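K.L.:
Sharing a structure, written as structure tokens. Questions coming.
Numbering (my numbering), first residue to last: 80 to 562.
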């Protein structure tokens, strides 16, 4: 019933021995299920890696122990670890297609990738030569009732410059200025919410401080943790005469009050604090030229939404996250993560950042540009998916670019959406030009964190949606001879 395929680079292979799978890194594919219909083959795509997170007091060993799951009020959850529903439910759904399914059905190509959670390396390494090019169903979404038709590509670039230092002027003492209490969030899915970036706030505050008579010198500037997270905390070390501390404190209170007027409710715990670091190794300060260049760069780097989608109302199409700043040794590094559903827009923005770096004396270390998945509101696959959903649930679809729709589990309404974050669909869109894709899945909450859970009833409904869609695709006239 199944045929084993291997791509040209031998990155993708599979052994079937009583459904035993041998996974060959960095990616793996593919089963072909023989068709009962003459329709074009359909790719069923999911990833096999999970995020292994546990609570600080948990002794769980992911390499030696299985996940301890329990059923609570209709949800399967793991209390002290991640569950692996992302994307174990996608894998399980794809594997269920080995069993009896209604006919007619199209030929199925099951694609299981690795390293989705860290780099998309599995999808990127896959040769397209073994794959059909008409339909792809991605099973890596986490809200039943939302059909995803687009996602953002992205690239992380690091701007670096040599640091010039000078001795800290006589009479100056180090003081630490800390910006914290901000909500942060995902730099894609949450970028439209208006959460303040701690690095941008700190840069604004430092710029104002150097406009008043403090006789200060900048010693250090740092903040940010992950490329894909909006920074919640920033740290600045200043050299300051002790007699200027009161003026500094008064100025900080004034700046804090001004900034509070710009905050969303999520950032209500925002604060700027000042403290003495106590006994520290006597520091050097940044040369004024270095401080000025860093200041100019941080003020000029855009953060937040840059362009909205014309295809999907309310969706951010292009954005940038000022992600990290650090000074180590003789180098200052500034990391930004840009996203766009349109590859040309992303490339154009990166060029603008290169021009900004050149103008401030920084050099750019380019990261890999991951492709976006541009929404196609006229997708035939979307049209069929809507029809099947309405048949199953009896509800009329809605369209939204906001992935935080407020739908409660069990409230069976449908949204068509795109997400301003990365999906493997972007890679497949680049490799398989013109392919029609959609992404859907059951209700999963808390993915990537201990306590992750999945609603059992949504898994069954999601399975029926998949089977119904496959039945429709089996009736679509073939466009090209494949496989």
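Ideal Cβ placement from N, Cα and C applies to all residues, glycine included.
Remember, predicted model here, so these are calculated numbers, not experimental data.
1) For the structure I just gave you, are there three or more beta carbon pairs, one from the segment 179-190 and one from the segment 458-472, closer than 8 Å?
2) Taking the alpha carbon of residue 473 as the reference point, which residue from 457, 493, 455 has its own alpha carbon closest?
3) What does the Cβ neighbour count give for residue 151, buried or exposed, with the cut at 16 atoms within 10 Å?
4) Buried or exposed for residue 553, please, with buried defined as at least 16 other CB atoms from any protein chain shown within 10 angstroms of its CB.
5) What residues in its chain sit with their C-beta under 6 Å from that of residue 369, if we drop five residues either side in the sequence?
6) Taking all protein chains shown into account, do 16 or more other C-beta atoms lie within 10 angstroms of the C-beta of residue 249, making it buried, or fewer, making it exposed?
7) Starting from the N-terminal side, write out each stretch of the alpha helix (DSSP H) that is 4 residues or longer and does not extend beyond the segment 217-294.
8) Got a sec, what are the start and stop residues for the beta strand (DSSP E) residue 517 sits in?
9) What are the uninterrupted segments assigned as beta strand (DSSP E) that are 3 or more residues long and contained completely in the segment 364-442, given in chain order?
10) On the premise that residue 202 lies in contact with residue 195, defined as a C-beta separation below 8 Å, what is that separation, rounded to the nearest angstrom?
11) Contact check, residue 416 vs residue 346 under 8 Å by CB: the rounded distance?
12) If you pair each beta-carbon of the segment 519-528 with each one of the segment 538-547, do three or more pairs fall below 8 Å?
13) Please state whether DSSP places residue 542 in a helix, a strand or coil.
14) Return the CA-CA distance between residue 365 and residue 253, expressed in angstroms with no decimal places.
15) Give me the residue from 227, 266, 172, 278 with the minimum Cα distance to residue 380.
16) In the DSSP assignment, find the unbroken alpha helix (DSSP H) run with residue 327 in it and report its ends.
17) Within 10 angstroms of its Cβ, does residue 361 collect 16 or more other Cβ (buried), or is it exposed?
18) If we ignore side chains and look at the alpha-carbon of each, how far apart do residue 209 and residue 509 end up?
19) When the Cα atoms are used, what is the spatial distance from residue 75 to residue 351?
20) Please report the residue range of the beta strand (DSSP E) in which residue 192 lies.
21) Would you be able to state if there are at least three C-beta pairs under 8 Å between the segment 297-312 and the segment 399-419?
22) Whose C-beta lies closer than 8 Å to the C-beta of residue 529 among residues of the same chain, with five residues either side of it excluded?
23) Would you kindly report the start and end of the unbroken beta strand (DSSP E) that includes residue 301?
24) Contact between the segment 255-272 and the segment 425-433 is defined here as three or more beta-carbon pairs at a separation below 8 Å; is this criterion met?
25) If you pair each beta-carbon of the segment 207-225 with each one of the segment 391-405, do three or more pairs fall below 8 Å?
26) How is residue 121 classed by DSSP in three states: helix, strand or coil?
27) Exposed or buried, which one is residue 343 when buried takes at least 16 other CB atoms within 10 Å?
28) Taking the C-alpha atoms as reference points, what is the distance between residue 465 and residue 550?
29) Have a look at 420, 372, 273 and flag the residue whose alpha-carbon is nearest the alpha-carbon of residue 502.
30) Please return the same chain residues whose Cβ sits closer than 7 Å to the Cβ of residue 294, not counting the five positions on each side in sequence.
31) For residue 172, collect the residues of the same chain with a Cβ closer than 6 Å to its Cβ; drop the 5 residues on either side in sequence, then sort them by chain order.
32) Check the C-beta distance from residue 200 over to residue 444 and give it rounded, since I have them as a contact under 8 Å.
33) Rounding to the nearest angstrom, what Cα-Cα distance links residue 483 and residue 329 in this structure?
34) Classify residue 165 as helix, strand or coil using the three-state DSSP reduction.
35) My understanding is that residue 318 touches residue 298, with C-beta atoms under 8 Å, so please give their C-beta distance in whole angstroms.
36) How would you call residue 382, buried or exposed, if buried means at least 16 neighbouring beta carbons within 10 angstroms?
P.N.:
Quick answer:
1) no
2) Working through the chain shown from its first residue, we reach residue 473 at position 394. For residue 473, the nearest C-alpha among the options comes from 493.
3) The residue labelled residue 151 in the question sits at position 72 within the chain shown. When all chains shown are included, residue 151 counts as exposed.
4) Residue 553 sits at position 474 when you count from the first residue of the chain shown. Label assigned to residue 553: buried.
5) In the chain shown, residue 369 corresponds to position 290, counting from 1. So the qualifying residues of the chain are 242, 243.
6) As a working mapping, residue 249 is identified with position 170 in the chain shown. Residue 249 is exposed by the Cβ-count criterion.
7) 277-288
8) Here residue 517 refers to the residue found at position 438 when the chain shown is read from its first residue. Its beta strand (DSSP E) spans residues 515-518.
9) 383-387, 395-407, 410-419
10) As a working mapping, residue 195 is identified with position 116 in the chain shown. As a working mapping, residue 202 is identified with position 123 in the chain shown. With a Cβ gap of about 7 Å, residue 195 and residue 202 count as contacting.
11) To locate residue 416, count along the chain shown from 1; it is residue 337. To locate residue 346, count along the chain shown from 1; it is residue 267. The Cβ separation is near 20 Å, so there is no contact.
12) yes
13) For the purposes of this step, residue 542 is identified with residue 463 of the chain shown, where counting begins at 1. Helix.
14) The residue labelled residue 365 in the question sits at position 286 within the chain shown. The residue labelled residue 253 in the question sits at position 174 within the chain shown. Each residue's Cα considered, the two are about 13 Å apart.
15) As a working mapping, residue 380 is identified with position 301 in the chain shown. When each option's Cα is compared against that of residue 380, the closest is 278.
16) Looking up residue 327 in the chain shown gives position 248. Unbroken alpha helix (DSSP H) run through residue 327: 324-339.
17) Reading the chain shown from its first residue, position 282 is the one you call residue 361. Exposed.
18) By 1-based counting over the chain shown, the position of residue 209 is 130. By 1-based counting over the chain shown, the position of residue 509 is 430. Cα to Cα, the separation comes out at about 15 Å.
19) Only positions 80 to 562 of the chain appear in this structure, which leaves residue 75 out of reach.
20) In the chain shown, counting from the first residue as 1, residue 192 sits at position 113. Per DSSP, residue 192 belongs to the beta strand (DSSP E) from 187-192.
21) yes
22) Working through the chain shown from its first residue, we reach residue 529 at position 450. Hits under 8 Å: 132, 133, 134, 137, 157, 158, 159, 160, 161.
23) Start at 1 with the first residue of the chain shown, and residue 301 comes out as number 222. Note, residue 301: beta strand (DSSP E), 296-302.
24) no
25) no
26) If you number the chain shown from 1, residue 121 lands on position 42. In this structure, residue 121 counts as strand in the three-state DSSP scheme.
27) Mapped onto the chain shown, residue 343 falls at position 264. So residue 343 ends up on the exposed side.
28) Your numbering for residue 465 matches position 386 in the chain shown. Your numbering for residue 550 matches position 471 in the chain shown. Cα-Cα distance, rounded: 14 Å.
29) Within the chain shown, residue 502 is the residue found at index 423, counting from 1. Of the listed residues, the one whose Cα sits closest to residue 502 is 420.
30) Reading the chain shown from its first residue, position 215 is the one you call residue 294. Closer than 7 Å at the Cβ level, and outside the excluded window around residue 294, lie 320, 323.
31) Position 93 of the chain shown, counted from the first residue, corresponds to residue 172. The residues are 218.
32) Counting from 1 along the chain shown, the entry for residue 200 is found at position 121. Counting from 1 along the chain shown, the entry for residue 444 is found at position 365. No, residue 200 and residue 444 are not in contact; Cβ-Cβ is about 19 Å, not under 8 Å.
33) Here residue 483 refers to the residue found at position 404 when the chain shown is read from its first residue. Here residue 329 refers to the residue found at position 250 when the chain shown is read from its first residue. At residue 483, the pLDDT of 34 sits below 50, so the modelled position is not reliable; the number obtained from the coordinates is stated separately. Answer to the nearest angstrom: the Cα atoms are 40 Å apart.
34) For this step, residue 165 is matched to residue 86 along the chain shown. Looking at residue 165 - three-state DSSP - the assignment turns out to be helix.
35) Here residue 318 corresponds to residue number 239 of the chain shown, with the count starting at 1. Here residue 298 corresponds to residue number 219 of the chain shown, with the count starting at 1. Between residue 298 and residue 318 the Cβ distance is about 6 Å, and since that is below 8 Å, they are a contact.
36) Position 303 of the chain shown, counting from 1, holds the residue named residue 382. When all chains shown are included, residue 382 counts as buried.
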